[in-house]
Amino acid sequence: MFFKKILKTNFSLFLNVVSVFLPKKKAVILLYHSIDRNDVYLTIRPEIFEKQMCYLKENKYLVISLKELVENIKTKKEIQPKTVILTFDDGFLSHYEKVWPILKKNNFPATFFISTGLVGSKINNSQNMPQPTANWEQIIEISQSSLIDIEPHSVNHYELDKLSLAEAENEIVESKNEIERRTGKKCLFFAPPRGKYNKETLNLLKKNNFEAMVIVKEGLVRTNDDLFFLKRKTINSSCSNHIQFRAKLVF
Numbered sequence: 021m022f023f024k025k026i027l028k029t030n031f032s033l034f035l036n037v038v039s040v041f042l043p044k045k046k047a048v049i050l051l052y053h054s055i056d057r058n059d060v061y062l063t064i065r066p067e068i069f070e071k072q073m074c075y076l077k078e079n080k081y082l083v084i085s086l087k088e089l090v091e092n093i094k095t096k097k098e099i100q101p102k103t104v105i106l107t108f109d110d111g112f113l114s115h116y117e118k119v120w121p122i123l124k125k126n127n128f129p130a131t132f133f134i135s136t137g138l139v140g141s142k143i144n145n146s147q148n149m150p151q152p153t154a155n156w157e158q159i160i161e162i163s164q165s166s167l168i169d170i171e172p173h174s175v176n177h178y179e180l181d182k183l184s185l186a187e188a189e190n191e192i193v194e195s196k197n198e199i200e201r202r203t204g205k206k207c208l209f210f211a212p213p214r215g216k217y218n219k220e221t222l223n224l225l226k227k228n229n230f231e232a233m234v235i236v237k238e239g240l241v242r243t244n245d246d247l248f249f250l251k252r253k254t255i256n257s258s259c260s261n262h263i264q265f266r267a268k269l270v271f
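Under this note's numbering, the sequence shown has 143 at position 123, and the numbering climbs by one with no breaks.
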């Protein structure tokens, strides 16, 4: 126990030192999935999620919307130190019941990527266990807040690189149209299910007036990055450890 405590202290000190010397003109996009009380790999417990948001608040991280980040990249505006963007995939019911109240409390903007064909139904988590999703009434409610953007994650959560061109376009266009019709707001960004995409996916997004795509690949975002390859750092159950979460925030 003593050596474990020493190791944690030293690693925490290492993170502080590293964060001082690394270049600061970068942003980190965090990717969350389910927020629930289980030990599934891509799930974070509600109390841990709240502690993580409190950490961002107390340590003066600049939490901005994905929309603001994209605009900064388009205009070559300098990214401010400690910039963080919050994204949530799959439209779980827990996003409405547990995430939304915490975001509202901290005045944090966020983007939710939903699969429109699975709204008010169930979607499998990372261990193929079905979890409930938010319904349209709940989605529309949070979409009315200036803090929240609802964006497409396809219709059926299929891996787009395994579909025909026509099928992939339908997944992209129909999810976009449905969200815009329901919320009255324009969709600008896309998150491919399970991070799977190909060259045709990119062409379809550009053809249908999307401005950016976020992917499932660890890394930071710089002002000269390609808007259709915006990296995200996945927050999984290992990040329940405070040090592991802090490591995701090293710029």
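The beta-carbon is built from N, C-alpha and C at its ideal position, and this holds for glycine as well.
For residue 92, which residues of its own chain have a beta-carbon under 7 Å away from its beta-carbon, when the five flanking residues on both sides are left out?
Translated into positions along the sequence shown, residue 92 becomes position 72. So the qualifying residues of the chain are 99, 243.
Who are the near neighbours of residue 264 in its chain, counting only those whose CB is closer than 7 Å to its CB and skipping five residues on each side?
Residue 264 sits at position 244 when you count from the first residue of the sequence shown. These residues qualify, in order along the chain: 258.
Considering only C-alpha positions, which residue in the set 80, 123, 203 is nearest to residue 158?
If you number the sequence shown from 1, residue 158 lands on position 138. Closest option to residue 158, Cα to Cα, is 203.
Could you check where the alpha helix (DSSP H) with residue 193 kicks off and where it finishes?
Position 173 of the sequence shown, counting from 1, holds the residue named residue 193. Counting along the chain, the alpha helix (DSSP H) containing residue 193 begins and ends at 185-203.
Buried or exposed, going by whether 16 or more other CB atoms sit within 10 Å of the CB of residue 121?
Position 101 of the sequence shown, counting from 1, holds the residue named residue 121. By the neighbour-count rule (16 or more Cβ atoms within 10 Å), residue 121 is not buried but exposed.
Can you have a look at residue 72 and say buried or exposed, based on whether 16 or more other CB atoms are within 10 angstroms of its CB?
Walking along the sequence shown from the start, residue 72 turns up at place 52. Residue 72 comes out buried.
Bridge partner(s) assigned by DSSP for residue 48
Counted from its first residue, the sequence shown places residue 48 at position 28. Looking at the DSSP assignment, residue 48 forms a beta bridge with 104.
Just to confirm the assignment, what range does the beta strand (DSSP E) spanning residue 151 have?
In the sequence shown, residue 151 corresponds to position 131, counting from 1. Taken as a continuous stretch (DSSP letters only), the beta strand (DSSP E) holding residue 151 covers 150-152.
For the beta strand (DSSP E) that residue 144 lies in, which residues bound it at each end?
Taking the first residue of the sequence shown as position 1, residue 144 is located at position 124. Its beta strand (DSSP E) spans residues 142-144.
If distances are taken between C-alpha atoms only, which option among 188, 86, 161, 230 comes closest to residue 106?
Translated into positions along the sequence shown, residue 106 becomes position 86. Answer by Cα proximity: 86.
CB-CB length for residue 116 against residue 162, believed under 8 Å:
Position 96 of the sequence shown, counted from the start, is the residue given in the question as residue 116. Position 142 of the sequence shown, counted from the start, is the residue given in the question as residue 162. Sure, about 6 Å apart at Cβ, within 8 Å.
Quick check: what's the CA-CA separation for residue 205 versus residue 68?
Position 185 of the sequence shown, counted from the first residue, corresponds to residue 205. Position 48 of the sequence shown, counted from the first residue, corresponds to residue 68. In a straight line, the C-alpha of residue 205 is about 32 Å away from that of residue 68.
Other residues of its chain near residue 22: CB distance less than 7 Å, five sequence neighbours each side excluded:
Within the sequence shown, the letter at position 2 stands for residue 22. For residue 22, the predicted structure reports a pLDDT of 42, less than 50, and the residue's modelled location is therefore unreliable. The matter cannot be settled from this model.
For residue 223 and residue 62, which I take to be in contact (beta-carbon distance under 8 Å), what is that distance rounded to the nearest angstrom?
Along the sequence shown, one-based indexing puts residue 223 at 203. Along the sequence shown, one-based indexing puts residue 62 at 42. With a Cβ gap of about 29 Å, residue 223 and residue 62 do not count as contacting.
How would you write the range of the alpha helix (DSSP H) that residue 5 sits in, first residue to last?
The structure shown does not extend to residue 5, since the chain is modelled only from 21 through 271, so no value can be given for it.
For the pair the stretch 137-151 and the stretch 77-84, tell me if three or more CB-CB distances fall below 8 Å.
no
Option in 247, 248, 246, 234 with minimal Cα separation from residue 50
For this step, residue 50 is matched to residue 30 along the sequence shown. For the residues 247, 248, 246, 234, the minimum Cα distance to residue 50 belongs to 234.
Going by C-alpha distance, which of 94, 110, 104 is nearest residue 154?
Reading the sequence shown from its first residue, position 134 is the one you call residue 154. The shortest Cα separation from residue 154 among 94, 110, 104 belongs to 110.
Taking DSSP as the reference, what is the three-state secondary structure of residue 253?
Sequence index remark: in the sequence shown, residue 253 carries index 233 (1-based). Three-state DSSP puts residue 253 in a strand.
Where does residue 18 sit, in a helix, a strand or coil, going by DSSP?
Absent from the structure is residue 18, since the part of the chain shown begins at 21 and ends at 271.
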